[in-house]
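Per the working numbering, the very first residue in the sequence shown carries number 1; after that it's consecutive. Positions of the beta carbon are idealized from the N, C-alpha and C atoms, including for glycine. One structure is given below, encoded as structure tokens.
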Amino acid sequence: MRAIFRAALFLAAICSAVAPQMAQGRALKAVESAGVLRVTVYRDYKPWSWEENGVRKGIDVEIGAALAKALGTKVDYLFLRAGDEIDVDLRNGVSRGSLLGEQPGDVMLHVPNDPRVEAANDKIKLTAPYQVEGLAMAVEPGKADAAKDFSLFETEKVAVDLGTLSDIILLSARDHKLISNIVHVRGEDKAAQAFEKGDVVAFYGESALVENLAHQSSKPVTIIFPPHRLAQSWPIGGAVNADAIDLAEAIDKATAHLAESGELKKIFASYGVTWRPPAQEQ
Numbered sequence: 001m002r003a004i005f006r007a008a009l010f011l012a013a014i015c016s017a018v019a020p021q022m023a024q025g026r027a028l029k030a031v032e033s034a035g036v037l038r039v040t041v042y043r044d045y046k047p048w049s050w051e052e053n054g055v056r057k058g059i060d061v062e063i064g065a066a067l068a069k070a071l072g073t074k075v076d077y078l079f080l081r082a083g084d085e086i087d088v089d090l091r092n093g094v095s096r097g098s099l100l101g102e103q104p105g106d107v108m109l110h111v112p113n114d115p116r117v118e119a120a121n122d123k124i125k126l127t128a129p130y131q132v133e134g135l136a137m138a139v140e141p142g143k144a145d146a147a148k149d150f151s152l153f154e155t156e157k158v159a160v161d162l163g164t165l166s167d168i169i170l171l172s173a174r175d176h177k178l179i180s181n182i183v184h185v186r187g188e189d190k191a192a193q194a195f196e197k198g199d200v201v202a203f204y205g206e207s208a209l210v211e212n213l214a215h216q217s218s219k220p221v222t223i224i225f226p227p228h229r230l231a232q233s234w235p236i237g238g239a240v241n242a243d244a245i246d247l248a249e250a251i252d253k254a255t256a257h258l259a260e261s262g263e264l265k266k267i268f269a270s271y272g273v274t275w276r277p278p279a280q281e282q
């Protein structure tokens, strides 16, 4: 699929009749006049955004609806398939539109709130972060303490999605002593299934998805965040077109209100995910 996507990018680059041109971002007044805020979210990205039986679900989907409500508009979505780089996603999701000719969003959610992202993409402006993401582990409650330094997995098994940062951390932890007890699967959902069946005592991955899957488990589970030099956290927020400054300011204001009112916490909790607000000095 990635090879196909790269081929599509190449085709779009050489065929100007197919590729949409860079679009000027709609200002706040234009969004309000149209009565619709167009929100870009990722496709098939549980628990953040996905479609099930024709119903759009997810944390980012609900945040997008809440932002639209705060601006006094309806909400529309562009469901974007993730590319190999965030720069490509920002072009398709905000500044240009998708390769299928779909109009870009007024705001794209789930963007790393990192000044380097904005510096590398002069067509976008970042908006306020609304969550801190990282890596988390779901583990049987009585074994949580030993799992915090990974020593538990010198004797017990842990499931992890193959080839991810979580996998790299486990493979390298404790001088590579865990290798024989790491169960590799394809996707965190399969890791959660292994935990549910009792094949492993824990599973490890991106925090929101781990918490969401643990929330659905029929077994008792504890969520921990094992410290490791590679297990960094990162704030996520939104992005708008660089010339839509007033829209960015309105979204920042709306995001702050959603945080202060408890609405963000409520949205995250409905998916079994802990809301971790970014530091105020962001």
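- Residue pairing by DSSP places residue 116 opposite no residue, since no beta bridge is assigned to it.
- In the structure shown, residue 138 adopts extended strand secondary structure according to DSSP, grouped into three states.
- Note that the C-beta distance between residue 117 and residue 90 is below 9 Å.
- A Cβ-Cβ contact shorter than 9 Å links residue 157 with residue 183.
- For residue 241, the three-state secondary structure derived from DSSP is strand.
- In the three-state scheme derived from DSSP, where H, G and I count as helix and E and B as strand, residue 211 is classed as helix.
- According to the DSSP assignment, residue 168 belongs to the alpha helix (DSSP H) that extends over 165-176.
- Counting along the chain, the unbroken alpha helix (DSSP H) around residue 59 starts and ends at 59-71.
- Straight-line spacing of the CA atoms in residue 137 and residue 206 works out to 8 Å.
- Taken through DSSP and simplified to helix, strand or coil, residue 197 comes out as helix.
- The residue among 251, 276 and 250 with its C-alpha nearest the C-alpha of residue 262 is 276.
- Counting the other CB atoms within 10 Å of its CB gives residue 155 a total below 16, which places it among the exposed residues.
- By DSSP's assignment, residue 228 forms no beta bridge with any residue.
- Cβ contact annotation for residue 28 (same chain, cutoff 6 Å, sequence separation greater than five): 246, 247 and 250, in chain order.
- Taking residue 123 as reference, the option from 140, 144 and 93 with the minimal CA-CA separation is 93.
- Taking C-beta separations shorter than 8 Å and ignoring five residues to either side along the sequence, the partners of residue 252 in its chain run 127 and 128, following chain order.
- Using a Cβ-Cβ distance cut-off of 8 Å, the region 225-232 and the region 165-177 are in contact, since at least three pairs of beta carbons, one from each stretch, lie closer than that value.
- Exclusion of the five residues before and after residue 37 leaves 31, 64, 67, 68, 71, 73, 74, 75, 76, 106 and 107 as the residues of its chain whose Cβ lies within less than 8 Å of its Cβ.
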